[in-house]
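Report on the structure given below.
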Amino acid sequence: MARGLLLLALGCWSLHAQAPDLILINGRVFTGAPNQSLTEALAITGHRISATGASTSISRLAGAATEVIDLQGRLVIPGLNDAHIHFIPEFVGKKLDFGSNNPRCEEVLRAINTAAANAKPQEVITGVFGPSALFSPGCSPAQLDAIAPSNPVLLRTFTPHAAMMNHSMARYLGINEKDPPVMGGFFGKNMRSAQWDGVVHELAAIELYTRLVDHAEEPARMAAMLEAAAHWGITTIQLMSAPTDPKHLVTLLAATGSPIRVRVIPFVYTTTAGRQRPVYPPIPPNIADRIRVDGVKWLLDGTPMEHSAAMSKPYADDPAWSGAINFPDSEIRAILDESRRAGTQLMVHAIGDRTTKTVLSLLEHSGGAGVWGARRVRIEHGNGISPDLLPQVRKLGVVVVVNPTHMSLAGQPNRTMPDTGIPLAIGTDAEGRTAGMNPFLNIMLISKSTGDGAPVNLTREEAIAAYTRTSAYAEFEEREKGTLEAGKLADIAVLSQDILKCSLEDLPKTQSVLTIVGGKIVYRASK
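Numbering (the working numbering) for the sequence shown: 2 to 528.
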């Protein structure tokens with residue numbers, strides 16, 4: 002590897018009963034522990050860190066079989082923990098490439114027309130588009146019918162909270178067009194259609210994606226996602242199961258033999274009759290040390306892209322509409338009660354400020370801090386948390402998981418959350434595509450400063466802590482990982498550059514040169 006790590010064959014005698022299996026020396030070890038400065042070295046025995054300290058002291062612990070790696074001044078951090086990520090499989094059939102996530106309507110229709118002209122009858126055609134085409138009057142299910150009458154066509158938004166399809170796709174998916182939307186789902190471009198019209202939002206859209214999955218490509222995509230995580234220095238991902246059910250995810254993880262830790266978080270679907278229940282499949286023995294299934298996630302609103310995030314004020318280009326909360330208050334109260342009785346950590350997708358205020362109010366009225374303070378309810382995304390809500394968020398013990406690549410959607414008080422005592426964790430919200438998983442891009446975005454140098458968001462040290470220590474806290478694992486301390490799991494990343502010193506613009510270029518999970522090297526950059 003460039004400026005490669007130097008492997009030393011040391012056979013020094015150790016006074017300890019059990020010499021470490023692996024020692025890292027001569028580095029800049031960012032332990033991430035509160036009130037601790039950088040140190041130089043650490044020792045690993047079995048799955049855990051056995052000591053940290055000066056290189057001279059740690060070197061003395063080596064035994065005849067100890068592997069010692071000279072870090073040559075590289076920065077070492079706790080393994081990164083992506084607190085919110087997805088695995089969204091590819092769909093079957095022809096996949097359209099519009100050149101961007103937000104193509105114009107005419108670009109979308111032209112691509113579909115070309116694909117349909119070269120497709121077999123009943124061959125599925127799918128693509129990803131954005132609000133420009135979704136809200137264009139010229140792009141409609143009727144237009145899809147006109148240009149591709151013999152082919153099932155579905156376009157999903159890149160978020161992916163909405164989809165548009167033709168009648169052929171509705172038949173392919175087994176949709177009864179006379180049925181109302183499932184609970185938490187909506188019909189129509191404006192989400193206000195009483196009948197199916199080929200445009201679906203929220204739970205009415207996401208459940209359909211499970212029927213289009215190309216299962217043949219899933220193992221390779223899962224393996225690529227896990228390998229990419231290790232290359233980035235990510236040692237844990239918290240995997241939201243939508244749109245892939247938890248049982249199937251566990252099967253895929255067992256087949257690929259995940260090199261990193263994965264927390265699978267069940268997502269709950271609905272029917273026209275009501276809410277379903279979360280599923281917690283057993284874990285095969287070959288991955289039981291790295292995989293767990295727990296928690297539950299509910300989708301309470303959408304995103305501003307589709308005008309489905311529930312806002313206090315109307316959308317600028319639709320003064321009659323301010324978005325919608327997916328469930329009535331009575332259903333959210335039932336969700337809270339079920340989570341409390343089951344002892345399951347509750348996670349809610351809440352982007353709109355109206356949704357956020359509703360959740361906080363219902364938490365207050367269902368026991369408040371006395372019931373919820375220690376349960377670490379998570380608000381995923383958190384775009385709707387305005388400064389005036391911070392005291393209530395803190396009092397209720399809510400953990401906020403932010404996605405720095407989304408911060409342009411709303412002005413979140415990220416700087417003041419940790420100052421207020423609110424646990425702030427980071428997730429990419431990536432779809433399993435490797436480019437979107439770059440943690441150092443997210444660290445760059447959340448640690449940007451104004452022109453006068455005043456931090457708008459977090460310092461780099463705080464960003465690393467949010468990506469490690471607080472992400473572990475967000476899954477009740479802070480006693481096991483998240484910092485580099487004796488007794489903690491040896492989940493470690495050695496970085497290609499010092500992210501505490503490099504320029505802001507260079508942060509996304511960072512990779513791991515050595516990734517360790519539970520004391521085992523799962524990725525080592527080639528020389």
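Note that the Cβ used here is the ideal one computed from N, Cα and C, for glycine as well.
Check, Outcome
"Candidates 519, 315, 345, 275, of which the one nearest residue 295 by Cα", "345"
"Selected residue, minimal CA-CA separation from residue 335, among 364, 350, 247", "364"
"Inter-residue spacing [alpha-carbon to alpha-carbon] between residue 520 and residue 219", "29 Å"
"Cβ neighbour criterion (16 or more within 10 Å) applied to residue 420", "exposed"
"Proximity to residue 319 [Cα-Cα], best of 237, 51, 415, 190", "190"
"Whole-number beta carbon distance between residue 492 and residue 79, since they are thought to touch under 8 Å", "7 Å"
"Other residues of its chain near residue 280: CB distance less than 7 Å, five sequence neighbours each side excluded", "246, 247, 248, 267"
"Classification of residue 476 by the beta-carbon crowding that lies within 10 angstroms, buried from 16 upward", "buried"
"Cα-Cα separation, residue 175 to residue 333", "29 Å"
"The stretch 67-82 contacting the stretch 16-36, beta-carbon criterion three pairs below 8 Å", "yes"
"Residues near residue 411 by beta carbon distance below 6 Å, same chain, minus five either side", "Confidence is the limiting factor: at residue 411 the pLDDT is only 46, short of 50, which leaves the residue's position unreliable, though a coordinate-based value still follows. Hits under 6 Å: 384."
"Whole-angstrom distance between residue 311 and residue 349, CA atom to CA atom", "14 Å"
"Assumed close pair residue 117, residue 152 - CB separation to whole angstroms, cut-off 8 Å", "5 Å"
"Residue interval of the alpha helix (DSSP H) (run including residue 232)", "219-233"
"Assigned secondary structure, residue 395 (DSSP; H/G/I helix, E/B strand, else coil)", "helix"
"Through-space distance from residue 503 to residue 398, alpha-carbon basis", "35 Å"
"The stretch 207-227 touching the stretch 159-175, judged by at least three CB pairs closer than 8 Å", "yes"
"Secondary structure of residue 320, DSSP reduced to three states", "coil"
"From 381, 229, 377, residue whose alpha carbon lies closest to that of residue 259", "229"
"Paired residues, beta bridge with residue 95 - DSSP", "126"
"Cβ-based neighbour list, residue 396, same chain, cut-off 8 Å, excluding 5 preceding and 5 following", "369, 370, 374"
"Touch test, the stretch 48-65 against the stretch 91-104, Cβ-Cβ under 8 Å, three pairs minimum", "no"
"Stretch pair the stretch 295-306 + the stretch 156-168: three plus CB contacts closer than 8 Å", "yes"
"Contact belief for residue 243 with residue 382 at Cβ below 8 Å, rounded distance in angstroms", "Not quite, the Cβ-Cβ distance comes to about 14 Å (not below 8 Å), so this is no contact."
"Three-pair Cβ contact test at 8 Å for the stretch 45-54 versus the stretch 510-524", "yes"
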